Amino acid sequence: MSIEVNNESGIQVDEAGLVALSRYIFEQLYIHPQAELSILLVDEPAMEKLHIELMDEPGSTDVLSVPMDELTPGTPDRPTPQGMLGDIAVCPQVAQVQADNAGHALQDEMLLLTTHGILHLLGYDHAEPEEKEEMFGLQRQLLSGFTGKDAPAETTQ
């Protein structure tokens, strides 16, 4: 699998941890081993620009997802086809504020946002209560399984 991290944020982040988490999620959700994912870490001005371009919404945000081949989770018998999962952009500066407000470490927030972004790439959403329950439940399950501890408090609504 190809997981690329490009840190343009100016903030030191455990990039290897983000890659390891992504690999874990790929394995747990039966994503094809040759699927591709790009993680871009950007500062607040760059995130605000992306937020306007992609969502037509002003202001910076924590994470944005741009799906490519519309892959969905597979099963043990039928993993997803090979393809480009997509790109996620994460803003460590926004993540730091959210982590501070939630009382956990920046890396925990970065893992949370990366998981959230990947789930969006796989077609999960949280616009409706049932969708939110499913997505956030899976998000907690994946984070707990990866870290071996309770998932951090959700900061992404």
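Following the numbering used here, the numbering of the sequence shown begins with 47 at its first residue and continues without gaps. Ideal Cβ positions, reconstructed from N, Cα and C, are used throughout, including at glycine. From a predicted model like this one, the values you see are computed outputs, not experimental measurements.
- Pairing His150 with Pro198 gives a Cβ-Cβ distance under 9 Å.
- The residue among Glu90, Ala92, Pro91, Ile71 with its C-alpha nearest the C-alpha of Glu82 is Ile71.
- In summary, Ala173 is exposed, with fewer than 16 beta-carbon neighbours lying within 10 Å of its beta-carbon over all protein chains present.
- Of Asp133, Ser190, Pro119, Leu184, the smallest CA-CA separation from Gly169 is found for Pro119.
- Measuring C-alpha to C-alpha distances from Glu200 to each of Met114, Leu189, Leu167 identifies Leu189 as the nearest.
- By the neighbour-count criterion, in which 16 or more other beta carbons inside 10 Å mark a residue as buried, Pro175 falls on the exposed side.
- When the beta-carbon positions are compared, Glu61 and Leu87 come within less than 9 Å of each other.
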